[in-house]
Each structure stands twice: as C-alpha cells, then as structure tokens.
Amino acid sequence: MTIASVTPPPVPKPGAIEGEAPWRGIVREFAKSWTAMFGLILLVLIVLIAIFAPLLSPQNPYDLASLSIMDNRLPPGETGWSGMTFVLGTDGQGRDMLSAIMYGLRISLGVGVVSCTIALFIGLAAGLAAAYFGGRVDTIIMRIVDLHLSFPAILIALILLAVLGRGIDKIIIALIVVQWATFARTVRGAALAERRKEYIEAAQCLGLPQWRIVFGHLLPNCMPPMMVIFTVEIASAIALEATLSFLGVGLPITQPSLGLLISNGFQFILSGQYWISVYPGIALLVLIVAINLVGDHLRDVLNPRNAQ
Amino acid sequence: MKSTIRTLALGTALAALMAGSPALAQSLTVALQAEPSSIDPQFATTGQNQQIALNMFETLVTFGDDGGFVPSLATEWSVADDQVTWTFNLREGVTFHDGSAFNAQDVIFSLERVPSIENSPAPFAPRVAVIESVTAVDDYTIEIVTSRPAPTLLNDLGTIYIVSDEIGEGMASDQFGFGDAAIGTGPYQFVSYTPGDRVVIARNDDYWGEAVDFEQIDIRFISSDASRVASLQAGEVDMIDAVPPNDLDRLRALDGIEVIAVASARMVYMGFDQGGETTPMVTGTDANPFLDVRVREALAHAIDRQAIVSRIQFDSGEPAGQFAPAGIFGHDPDLLPTEYNPERARELLAEAGYADGFGLTVHGPNDRYINDGIVTQTVGQMWAQVGLNVAVETLPFNVYSGRATAREFSAFLFSFGITTGESGLGLRNVLATYDEERGWGANNRFRYSNPEFDETLAAAFAEFDDAERERLLQEATRIAMDDYAITPLYWEGNNWAVRDGLIFSPSPDGRSLMTNLSSAD
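Taken in order, these protein sequences are the chains called A and B.
Just so you know, this note's numbering puts 150 at position 150 of the first sequence, and the rest follows in order with no gaps.
Just so you know, this note's numbering puts 411 at position 411 of the second sequence, and the rest follows in order with no gaps.
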C-alpha cells in the first residue's frame with residue numbers, strides 16, 4: 001500500500017479540461033448561463049456609462065450654473081428654453097434626468113465598489129486572524145462581529161451619518177463600518193475549513209513564517225467564496241446608499257445619487273410628475289439586478305459541491 | 001365591458017355632482033394641519049393655538065385689513081396727555097357662552113391671569129409686561145396705566161383674549177380641554193376636544209356681532225399633507241388648510257374644489273454675514289465680500305424672484321422687496337422687489353473687484369418652509385449664473401437654526417413672519433444692530449448695523465401718532481433696503497382648498513379661522 005493510493009483523486013474543477021488554466025473553465029461554465037451573461041453585459045454597459053458619464057451626458061447636472069429653474073419639472077421629450085431636449089424630463093431643479101441618472105450611477109457604483117473593497121480588506125484581515133490564531137483572538141474578534149451583525153445595518157449607518165454629517169467620504173465610511181463584519185465572518189468560516197487541511201500542516205512543518213502561511217497559502221484558498229460575497233455586497237451597499245440618500249442623510253443635495261433623485265421626485269409623484277422618481281428607480285433596479293445575476297451565478301460556478 | 005366603463009364614469013360624475021353641495025348641510029368638517037397645544041387661549045402665542053382660540057374668544061381690539069385697529073370688546077379708547085394712562089370703554093350687552101355678563105372685572109381678571117400661566121413655550125406675558133395697573137372705573141370702563149409710554153400697547157392688547165372671571169384663579173391650562181373653563185364671548189362656543197383628533201365648536205346664538213353661518217364645525221387635525229388632501233378629495237372634509245404647493249395645480253383642475261392662495265406676512269430672505277473682516281463660507285478671497293454694498297446689490301439683482309414663486313411655489317406667494325406685505329402697518333407701496341438683472345449683477349461684481357467671482361457655500365433649511373431646499377438650490381443656481389463658484393448645503397432646521405445663530409454661515413436663507421400686524425417687531429428683531437442687553441437684533445444673525453436705521457426705528461417705537469409712526473417705519477425700511485442689508489425673496493403663500501358652496505376669505509394674519517368661512521348661499 002503506497003501513500004499515493006490513499007490520496008483521493010483530485011476533484012475536477014467544473015468544466016475543467018486537463019492541462020488548461022482553471023480560470024478558463026470557470027469562464028466557460030459561467031458563459032453557459034444566458035441569464036448570467038445577460039447580467040454581465042448589462043453590468044459592463046452600466047460601468048461604461050458610469051465611467052464615461054461626463055462625455056456621454058448632455059448636461060453636467062452638478063454644475064449649478066448650467067441649470068435653469070425655468071426648465072424644472074418638464075415631462076420627458078420636452079424642449080427647454082435653452083433649446084435642449086430633455087429625453088427623460090427634468091427634476092424640480094431643472095436638472096436633465098438622463099444626465100442626472102448617468103452621474104447618479106457613477107456615484108452609486110463608485111460608493112459601492114470603494115466601500116466594499118475596503119470593507120473586504122478589513123474583513124479578510126480580521127477573519128483570517130480569527131481562524132488562524134483561534135483561541136482568545138478568535139473569540140474576541142468573532143464576538144465583536146456577532147455584536148455588529150445583531151444590529152440592523154441601516155440603524156448603524158443612520159447613527160454614524162448623524163454623527164459624521166453629509167458627504168461622499170462620510171457615506172463610504174458608514175458603509176465600510178456596516179459591511180466589514182459580513183466579510184470577516186465569511187472568511188473565517190472558509191479559513192477554518194482550509195486550516196485543517198494537510199497543505200497547511202505541511203507548510204507549518206516546513207517552518208514557513210506565519211505571515212507566509214496566512215497570506216501565501218490560506219488566503220488564496222479562501223478567495224472564491226469571498227468573490228461571491230463581494231459582488232453581492234456591492235449590490236447591497238448600493239441599495240443601502242440609496243436608502244440613506246432617500247432618507248436625506250446621504251449625499252449633498254446638489255450632487256444627487258440615485259436614491260436622492262428618487263427622494264426628490266417623491267413629492268411630485270402624486271401630482272403626476274412620475275418621471276422624476278420612476279426613471280432613477282428603474283436605473284437603480286437594473287443596476288442591482290445585474291450585479292445580483294452575476295453574483296448568483298458566480299456562486300454556482302465557484303461552489304465545488306455543485307460540480308457534477 | 002365598454003358599457004361598464006360608461007356606467008362607472010357616469011356614477012363618478014354623479015357622485016362628484018352630489019358631493020359638490022355641502023353648504024346645504026349646517027354642520028361642517030374641516031381638516032387643519034396643526035393642532036393647538038392647549039385650548040386655553042392664554043397659554044401660547046403660537047399660530048395653531050391662536051387660530052382655534054380666535055373662533056371662541058375675543059380681544060379688546062382687533063386688527064383691521066388696512067393695519068389699523070377695530071373695536072371689539074372695547075368700543076372706544078384714548079390715552080391721556082401723560083402718555084401712560086389709557087382709558088377703554090367696554091361693549092355693553094355682551095354675554096359669555098355660559099350666560100354670564102361681560103364687564104370690567106373680566107378684563108381685569110384676564111389681564112392679571114396672563115403672567116400666571118405656567119410652562120408656556122411661547123408666553124403672552126411679555127406683551128402685558130408694560131402694564132402697571134388695571135382698574136375698573138365703572139362696570140364698563142377700565143383704566144390701564146403703563147410703566148413707560150407704550151405706543152404699541154394696542155398691538156399687544158389686540159392679542160390678549162378675554163376669558164370669564166367665573167373660571168376663578170388658578171385654573172390650569174389643561175382644564176380648558178374639558179369644557180367647563182373654555183368660556184369666551186366669540187361667535188363660536190366650545191363643544192368638545194379630543195387631543196390628537198379634533199375640536200368641535202358650535203354657533204353662539206347670543207353673539208353680539210353678526211351670526212356665523214354654520215351650526216357646528218368639527219375641526220379635525222390631520223398633519224400628513226397627503227392624507228389631508230385625500231380627505232378633501234374623498235369628500236370627508238369640506239375644507240383643508242396648508243395645501244402643499246405641489247398639489248395646487250392638480251386641485252385647481254378638479255371640479256367641485258376651489259383653491260385659495262394668498263401671500264402671507266412670512267417673508268423669506270437671504271442674509272449676508274456682515275459681522276467681520278472675514279466670513280467662514282467664502283473662498284477665493286481673503287476679505288469678506290459682503291461688507292461691500294455693491295456685492296450685496298449684485299446678488300439681489302441676480303435673483304429672479306418671480307421665477308421662484310411661479311416655478312417652485314406654484315404661484316402661491318409673492319415676490320418681496322421689503323418686510324411687510326400690503327395690508328400690514330409699515331408697508332411702503334413705493335418699495336418694489338429688486339429687479340432681476342443678471343448683467344447689472346455681473347457689472348457690480350466686476351466693479352467691486354470680483355469679476356471672476358468667489359467661492360461661496362449657500363446654506364438653507366430643508367424641512368421648515370415650503371420647498372425651502374429647492375429654493376436654496378435655486379438661489380445658488382442663480383448666483384452661479386452671474387459668476388460665483390457656488391456650493392449648496394441644506395440641513396434639517398433644528399441643526400440649521402443653531403448653526404445660523406452661531407454665525408457659521410456666510411449667505412443663508414431664513415424667514416420672519418409678522419404676527420402683530422405691523423412691521424416694527426420684524427425690523428427690530430432682524431435688522432436692528434445686535435444688542436443683547438437692549439433685546440434688539442435678536443434674529444440679526446448676519447450682523448447688519450446702521451446707526452441711522454436704529455435711530456429711525458427707535459423714534460418709531462416712541463411715536464404715538466399712527467401716521468407719523470408708519471412714516472418712520474417706512475423710512476427705516478427704506479434705509480435698510482437701500483443698504484441691501486438682506487435680500488428679500490418672497491412672501492410665502494398660504495393655501496386653502498374648499499368644496500364648492502363654501503367661501504373662505506383669508507385675513508391678513510393667514511390663520512385658518514372658522515369665522516372667515518361662510519356659505520355661498
């Protein structure tokens with residue numbers, strides 16, 4: 001009986017073909033689902049719109065001097081006094097809705113990605129430390145996380161913003177504080193499972209320094225679930241930012257994000273001026289659905305249990 | 001299917017027709033936005049208390065539509081040559097709602113009760129502080145002696161309600177809600193009060209003046225704008241107040257509902273920090289640009305007031321060029337709103353050395369006045385269009401007012417509502433040089449100061465002759481407006497909606513008084 005015979009046959013990565021880089025298999029598997037591809041195309045489109053908003057949009061909605069109050073609340077398709085046609089109408093301030101939505105997407109995506117990335121790093125560090133060191137470190141970190149997760153996210157964010165005040169930097173801070181715990185808990189779970197595996201033991205036997213084991217061996221093997229959580233959390237960060245803006249504690253009023261646009265239009269909706277609220281609402285919905293479609297399918301692809 | 005729709009349409013039309021004739025009914029239901037904090041008329045000077053009290057209680061004198069005084073429970077009055085002794089002849093034959101006769105003892109009791117009211121958030125006491133003694137010469141004549149010459153005594157007495165001395169000393173304000181203490185002389189009498197829900201009043205058949213049209217009115221309190229409007233549309237109530245401007249156009253277009261929108265005496269203005277060599281919210285220059293009158297004038301010219309009123313306030317309200325609107329004592333018909341002239345604004349800014357503008361953060365509240373957040377942004381927008389580099393920040397009023405009073409802002413939106421029927425108090429609180437000891441300039445958050453203005457205003461406050469006093473108030477107003485001390489924007493609108501068959505004629509104080517409501521038939 002040789003050692004080799006006890007080793008279980010390697011689990012084939014989904015769709016993997018012998019001698020091929022593993023990511024190509026993931027991509028091929030991902031491409032099999034048309035809903036996921038649809039979501040991805042939508043998402044790429046939205047990201048492009050957000051990045052190139054200043055070039056694409058007919059008006060700079062954040063430049064007060066380019067707005068005119070004489071153009072406010074124009075229905076979609078109407079032409080203003082300056083001769084500009086407002087495809088999606090204007091808001092109570094005379095802002096072109098199409099431009100405002102493009103810039104709003106920029107803020108929403110930017111806030112979501114930046115806050116989630118930072119929260120991911122904080123969560124990774126805390127979760128890995130908890131899993132690797134175990135014992136008292138684990139208890140302290142995970143009790144803080146438990147405590148954190150027992151409060152509703154919106155409540156924590158509201159209190160923070162009430163203290164910090166308004167502004168894009170403040171809302172990013174609030175979102176980081178709200179989200180790091182989710183990442184920490186997920187990475188700890190993944191890392192605990194990995195830590196008991198033989199390659200970690202082997203690395204320890206080789207006398208490798210702890211930082212190298214944690215970052216060189218443990219971390220890369222925890223990444224797949226983190227990528228899934230990351231995409232889903234971006235969607236929830238965007239939704240949370242929109243909620244906070246809707247409640248009037250988020251971004252400054254002259255730089256409306258999607259949530260603030262919806263909130264501003266809310267007071268006009270009973271008067272029949274639906275476009276001020278409805279179009280930013282649709283944009284927000286499409287953005288969140290697209291991210292979730294991609295995130296959901298990514299989870300299916302990366303989950304080894306789903307592999308046939 | 002088609003016929004069903006037709007039947008439905010017919011039914012709706014019929015229902016609308018039938019709902020359109022409430023005046024046949026002798027009792028009404030109205031919905032007001034704000035609930036009083038007490039039924040005791042002497043408890044607080046706040047508008048929501050007074051608009052309930054005024055239906056049931058009366059004062060010695062009232063304010064006429066032209067800003068003058070009109071006899072009410074007092075028929076005649078005069079002041080002696082010593083300028084401190086006032087004599088009032090009281091109206092005979094007036095009875096209280098409980099049947100007891102009104103006489104000099106009730107007036108003395110009422111005036112003496114005012115300072116004894118406890119825990120009032122907005123007490124009447126300062127308004128009678130100048131009174132040294134009140135004595136009854138006979139049953140229908142009283143003499144009031146003031147501690148110093150007080151030309152505005154009538155303005156103050158015009159707000160003090162006369163209650164019956166039958167209720168006795170020490171009657172607590174919250175006892176009024178149960179009915180045995182809410183006894184006045186007014187055209188309506190108290191029936192019941194359900195806190196958080198409604199006050200019911202009924203016609204006083206023994207009223208000395210002209211009888212009112214309705215037997216009973218249920219005054220409901222519905223603070224949610226949307227619910228109030230919906231109740232009117234559904235026919236649950238016959239009149240609502242504080243119609244949100246965003247709904248005005250929609251209600252105007254409805255059959256069977258009439259909208260009444262008039263400018264109130266609440267003037268919304270922009271203040272400029274003139275208190276020091278530097279100012280916190282300006283960038284791009286070391287100096288405080290607002291110390292230069294040309295800059296203040298330029299920014300006044302840059303604002304299109306008519307556009308704000310028509311585009312943001314839905315034609316409710318009126319562009320303002322001074323403190324008091326027409327109909328308020330001290331209004332100057334020759335003072336017009338500053339002309340909208342962006343070219344002139346740019347010229348003036350260039351003359352003052354700001355051809356390239358400067359950076360400015362404009363501040364305003366976002367939950368206090370009608371559409372205040374949008375107005376603040378629009379002012380910022382109009383200033384950006386004449387070359388300033390503008391940012392706008394709007395805050396909840398409870399945070400905002402504290403920071404404004406702490407003088408953390410450079411250019412900010414505020415308002416002052418005249419409730420005493422004349423411009424003097426507004427001028428004194430907002431534009432007089434800030435002086436804590438003297439109590440002047442209490443709301444002068446931007447520290448405008450002109451000794452000439454202060455002197456003219458002080459002269460007005462010491463003047464007994466009404467014509468001369470009005471002239472002095474107008475002159476003081478003109479001095480401040482020539483200085484562009486503030487930039488008046490508009491008088492906020494008051495909006496009501498009634499069902500067809502009812503007539504609501506608002507008085508200059510802008511209150512939702514049931515005595516202003518009558519039947520069209």
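By construction, the Cβ of each residue, glycine as well, lies at the ideal position given by its N, Cα and C atoms.
No experiment lies behind these values; they were computed from the predicted model shown.
Secondary structure remark: continuous beta strand (DSSP E) runs of at least 3 residues inside the stretch 243–285 of chain B, in chain order: 257–272. By the Cβ-count criterion, residue 222 of chain A is buried, with 16 or more other Cβ atoms from all chains shown falling within 10 Å of its own Cβ. Counting along the chain, residue 494 of chain B sits inside the beta strand (DSSP E) bounded by residues 486–499. Per DSSP, the beta-bridge partners of residue 216 of chain B are B:27, B:202. Runs of alpha helix (DSSP H) with 4 or more residues, each lying fully within the stretch 149–204 of chain B, are found at 153–157, listed in chain order. 248, 252, 253, 254: these are the residues of the stretch 237–264 of chain A whose beta carbon lies less than 8 Å from some beta carbon of chain B, given in chain order. Judged by DSSP secondary structure, residue 131 of chain B falls within the beta strand (DSSP E) whose first and last residues are 131–138.
No Cβ-Cβ contact shorter than 7 Å links residue 161 of chain A with residue 194 of chain A. If you look at residue 376 of chain B, you'll find it isn't in any beta strand (DSSP E); it sits in the alpha helix (DSSP H) that goes 372–385.
Sorting B:206, B:58, B:107, B:164 by C-alpha distance to the C-alpha of residue 93 of chain B places B:206 at the top.
Of all residues in the stretch 238–255 of chain B, only 244, 246, 247, 249, 250 place a beta-carbon less than 8 Å from a beta-carbon of chain A. Residue 267 of chain A belongs to the set of residues whose beta carbon lies under 7 Å from a beta carbon in chain B. In the DSSP assignment, residue 329 of chain B falls outside any alpha helix (DSSP H), carrying neither H nor E. For residue 162 of chain A, the enclosing alpha helix (DSSP H) has its first and last residue at 153–164.
By the Cβ rule, the stretch 301–320 of chain B counts as touching the stretch 69–86 of chain A, because three or more pairs are nearer than 8 Å. Among the bridge pairs identified by DSSP, residue 415 of chain B is matched with B:268. Only residues of its own chain outside the window of five on either side were considered, and among them 289, 352 have a CB closer than 6 Å to the CB of residue 295 of chain B, listed in chain order.
Proximity of chain B to residue 272 of chain A at the Cβ level (cut-off 8 Å) is accounted for by 250, in chain order. A Cβ-Cβ distance of about 6 Å is found for the pair residue 30 of chain B and residue 217 of chain B, placing them in contact under the 8 Å criterion. About 6 Å separates the beta carbons of residue 36 of chain A and residue 293 of chain A, which is inside the 8 Å limit, making them a contact pair. Here residue 89 of chain B is bridged, per DSSP, to B:76, B:141. Around the C-beta of residue 356 of chain B, fewer than 16 other C-beta atoms lie within 10 Å, and the residue is accordingly described as exposed. The stretch 497–507 of chain B makes no contact with the stretch 38–52 of chain B; the number of CB pairs closer than 8 Å stays below 3.
For residue 254 of chain A, the closest alpha carbon among the candidates A:128, A:237, A:89, A:103 is that of A:103. DSSP places residue 58 of chain B in the strand class (E or B) of the three-state scheme.
Residue 222 of chain B and residue 267 of chain B have their C-alpha atoms spaced approximately 26 Å apart.
Around residue 391 of chain B, the beta-carbon contacts reaching into chain A at under 7 Å are 254. Using a CB distance below 7 Å, the part of the stretch 372–385 of chain B facing chain A consists of 373, 374, 377, 378, 380, 381, 384, 385, ordered along the chain. At least one beta carbon of chain A lies nearer than 7 Å to the beta carbon of residue 394 of chain B. One finds 69, 72, 92 in chain A with Cβ atoms closer than 8 Å to the Cβ of residue 312 of chain B, taken in chain order.
In this model, residue 60 of chain A and residue 201 of chain B are separated by some 56 Å (Cα to Cα). With a contact defined as Cβ atoms closer than 8 Å, residue 186 of chain A and residue 225 of chain A qualify at about 6 Å. Residues of the stretch 42–72 of chain A that bring their beta carbon within less than 8 Å of a beta carbon in chain B comprise 63, 64, 65, 67, 68, 69, 70, 72, in sequence order. For a cut-off of 8 Å, the C-beta gap from residue 434 of chain B to residue 441 of chain B is around 4 Å, short enough to register as a contact. Three or more beta-carbon pairs drawn from the stretch 354–369 of chain B and the stretch 401–413 of chain B are found closer than 8 Å, and the two stretches are therefore classed as touching. Boundaries cannot be given for residue 269 of chain A, as no beta strand (DSSP E) includes it and DSSP labels it neither H nor E.
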